[in-house]
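S.K.: Just so you know, the sequence shown maps onto residues 372 to 866 in this note's numbering.
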Amino acid sequence: MKADYSDEKIIVAAEEEEEVPLRVSVSDISDDDEEYAVGLDHLPEEQISTLPELSSWKMLVLTFPNFGMQLVWTILQIFGTSYLKTLGFSESETAMVWLAGPLAGMFGQPVFGVLSDHCRSAWGKRKPFIVGGSIVTMVCMPVLAWAAELSRYRVAAPRPFGHLHPRSHDAHEAEIEDGVDAVLAKFIAAVSIYILFIAMQAVQVGVRSLPVDQAPPHQQAQASLWGSRMCAIGAVTAGLLGFIGDSTSFKFLAVVSCTLLLAGILISVRVREGPAPSNPASLAEKGETTTAPADDHAAPLTILSLFGFILTTLKTLPPVTRRTCQTQLFSWFAWFIILQYTSTYITTLAATTTPPLPATATNRAGTTAGLTFNTVSLAINALLPSLIALLPRRSPTPPSPLLSRLWQACHLVLALSMFATALARTPAAATALFGAAGAAWAVSQWVPFALITRELAVLREREGGAPRVGTVLGVHVIASTLPQVASAFFSSMIN
């Protein structure tokens with residue numbers, strides 16, 4: 372029988388038993404939805420969590436792969452469209468290729484989440500997916516960057532085992548062969564992008580789930596903030612690469628991103644995964660009580676049971692997670708437009724200014740806007756703990772619903788920025804609005820994961836078992852990718 376958390380009240384523990392401070396910190400805050408209880412029965416800290424507290428260094432190491440993955444994703448976002456156009460992709464074809472990201476997230480991450488939750492590797496539940504997905508990513512990025520060169524290779528038929536070699540162009544066949552090369556290059560690029568996005572989902576499952584497995588409930592907000600910081604640093608690094616010499620070469624960007632991703636993975640895999648939470652079945656055998664259902668992960672995993680786990684999780688989401696997913700379902704219609712088209716919009720705006728700007732300045736306008744967006748996001752991520760520490764606590768024991776209020780404010784800023792875009796007439800004005808949206812982006816990349824991971828960690832401690840962390844996070848991704856798929860589909864029709 373599957374656990375149903377839809378009507379449960381999530382109890383969140385107070386973090387200081389002896390003395391309650393007058394200030395609130397990142398580790399104190401959690402969502403206390405009005406119909407759910409807040410506070411945690413005032414249990415002693417040792418009864419709240421069986422996991423030791425993580426140092427800031429350990430959190431940084433656990434979340435460091437976010438840096439490399441965000442670097443790859445931002446490079447594709449900023450430079451990918453212009454690179455695909457050099458291969459001959461039309462606007463509609465480009466939109467269909469970028470549909471790979473939302474589709475991979477919608478289908479790939481829940482599947483990888485279930486597989487990760489069921490994984491019994493000696494490496495742990497998450498590292499096989501982090502390492503495997505990263506290896507595939509580091510193969511696909513160079514293949515994408517050298518798609519045109521790879522399209523000029525043929526298999527020599529007379530040789531029994533085949534031999535790859537660059538073919539020579541005869542004058543009378545040049546036009547036909549060039550056409551074949553162009554089609555083959557586009558095919559190689561499209562396939563590599565789809566495989567690349569699928570591999571990135573495997574990495575994201577491991578990277579997002581690992582801190583939930585390792586950190587106690589009261590540190591989940593901090594762990595999520597570290598993950599958001601690593602993403603912001605990766606995005607800023609990608610933007611800075613656009614200003615370094617001949618870095619607009621996609622080959623250069625592919626090599627640099629793969630190198631930094633490899634460094635991040637090597638750092639992360641050196642940290643051992645902690646012991647898995649106690650299985651409810653094993654606790655029952657020992658005579659210990661638990662409210663969690665028996666672990667059904669030991670049963671053989673089939674295709675039907677895999678999708679059954681996803682469907683069951685979707686129906687029985689814990690309350691805070693359910694409401695977070697509902698919010699994401701609507702907010703990502705706006706975020707997709709901001710992330711996918713703002714750079715192009717600002718570049719187009721720069722090209723139509725009077726007097727006209729040089730071609731180099733026009734191309735730089737979009738890159739500058741993206742760098743501004745990501746720099747503001749990184750600054751907000753760095754300042755958030757200090758800003759939160761300045762806020763007084765309303766009462767001694769129950770924390771205020773600060774995360775929810777902060778998220779509401781970020782959506783308001785996003786809406787105002789998008790409305791004001793209609794009034795922007797210069798690249799500078801549009802870039803300023805894009806920067807304001809970057810502040811909202813910083814919050815939106817932290818708060819949803821902080822709310823969900825905190826709730827999952829509390830459920831783990833209360834029930835004595837391991838919730839389906841990877842599967843739940845995969846369902847959350849479905850909520851954020853469905854709007855992207857719809858937006859990308861309609862965009863391809865318009866173009």
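Beta carbons are placed, not taken as given, at the ideal position from N, Cα and C, and that holds for glycine.
Closest to L637 by CA distance: which of R833, S461, P499 is it?
M.R.: P499
S.K.: Which term fits N752, buried or exposed, when burial requires 16 or more other beta carbons within 10 angstroms of its beta carbon?
M.R.: Classification for N752: buried.
S.K.: Measuring alpha carbon to alpha carbon, tell me which residue in A807, A800, D584, F805 is nearest P423.
M.R.: P423 has its Cα closest to that of D584, out of A807, A800, D584, F805.
S.K.: Here's the rule I'm using: 16 or more other beta-carbon atoms within 10 Å means buried, otherwise exposed. How should K557 be labelled?
M.R.: buried
S.K.: Do you know how far the Cα of R641 is from the Cα of V507?
M.R.: 20 Å
S.K.: The alpha helix (DSSP H) that contains M789, what's its start and end?
M.R.: From DSSP, the alpha helix (DSSP H) with M789 extends over 773–792.
S.K.: Count the C-beta pairs between the segment 432–444 and the segment 703–714 that are closer than 8 Å, then say yes if the count reaches three, no if not.
M.R.: No, because fewer than three Cβ pairs between the segment 432–444 and the segment 703–714 fall closer than 8 Å, the two stretches do not touch.
S.K.: Given a cut-off of 8 Å, decide if A801 and L720 are closer than it, judged by their beta-carbon atoms.
M.R.: yes
S.K.: Span of the alpha helix (DSSP H) holding K686?
M.R.: 674–686
S.K.: Rounded to whole angstroms, what's the CA-CA distance from R497 to S505? Just pull it up for me.
M.R.: 12 Å
S.K.: Using CA atoms only, rank isn't needed, just tell me which of T824, S714, S492 is closest to H847.
M.R.: T824
S.K.: Report the three-state DSSP secondary structure of G459 (helix, strand or coil).
M.R.: coil
S.K.: Check each candidate in Q572, V514, L470, P587 and name the one with the smallest Cα separation from V829.
M.R.: P587
S.K.: Residues in the same chain with beta-carbon distance under 7 Å from S869, minus the five sequence neighbours each way, listed in chain order, please.
M.R.: No answer is possible for residue 869: the residues shown for the chain start at 372 and end at 866.
S.K.: Indicate the three-state DSSP secondary structure (helix, strand or coil) for L470 in the structure shown.
M.R.: coil
S.K.: Just the C-alpha distance for L749 and T797, rounded to the nearest angstrom, thanks.
M.R.: If you take the alpha carbons of L749 and T797, they lie about 25 Å apart.
S.K.: My output table needs one value for S492: the three-state DSSP class, helix, strand or coil.
M.R.: coil
S.K.: Are the beta-carbon atoms of V514 and S563 separated by less than 8 Å?
M.R.: Taking 8 Å as the cut-off, the Cβ atoms of V514 and S563 count as close.
S.K.: Going by alpha carbons, who is nearest to F701 out of P854, F438, S492, L425?
M.R.: P854
S.K.: For the alpha helix (DSSP H) that I708 lies in, which residues bound it at each end?
M.R.: Run containing I708: 690–722, per the alpha helix (DSSP H) assignment.
S.K.: Between the Cα of Q591 and those of F435, L425, L804, A471, spot the shortest distance and give me the residue it belongs to.
M.R.: L425
S.K.: Going by the beta-carbon positions, is the gap between L688 and V843 smaller than 8 Å?
M.R.: Yes, these two residues count as a Cβ contact at 8 Å.
S.K.: Considering only residues of the same chain and omitting the five flanking positions on each side of G459, which have a CB-CB separation below 7 Å?
M.R.: A553, K557
S.K.: How many angstroms separate the CA atom of A803 from the CA atom of F790?
M.R.: A803 and F790: Cα-Cα distance of roughly 13 Å.
S.K.: With a threshold of 6 Å on Cβ separation, who are the neighbours of N437 within its own chain once the five nearest residues in sequence on each side are excluded?
M.R.: V578, G598, M601, C602
S.K.: Indicate the three-state DSSP secondary structure (helix, strand or coil) for G613 in the structure shown.
M.R.: Under the three-state reduction of DSSP, G613 is assigned to coil, being neither helix nor strand.
S.K.: Using alpha carbons as the reference points, say which of C781, F861, A807 lies closest to W817.
M.R.: C781
S.K.: Got a sec, what are the start and stop residues for the alpha helix (DSSP H) M430 sits in?
M.R.: 427–434
S.K.: Output the distance between the C-alpha atoms of V395 and R735, rounded to the nearest integer angstrom.
M.R.: Here V395 scores only 43 on pLDDT, less than 50, and its place in the model is too uncertain to base an answer on.
S.K.: Where does V640 fall in DSSP's three states?
M.R.: coil
S.K.: Buried or exposed for F680, going by 16 or more other Cβ atoms inside 10 Å?
M.R.: Its Cβ being crowded by 16 or more others within 10 Å, F680 is buried.
S.K.: Could you have a look at W812 and say whether DSSP puts it in helix, strand or coil?
M.R.: helix
S.K.: If you run the structure through DSSP and keep just helix, strand and coil, what is W517?
M.R.: Here W517 carries a coil assignment [DSSP, helix/strand/coil].
S.K.: Taking the alpha carbon of G479 as the point to measure from, which residue in C490, L555, Y565, C511 has its own alpha carbon closest?
M.R.: Y565
S.K.: Are the beta-carbon atoms of M477 and I849 separated by less than 8 Å?
M.R.: yes
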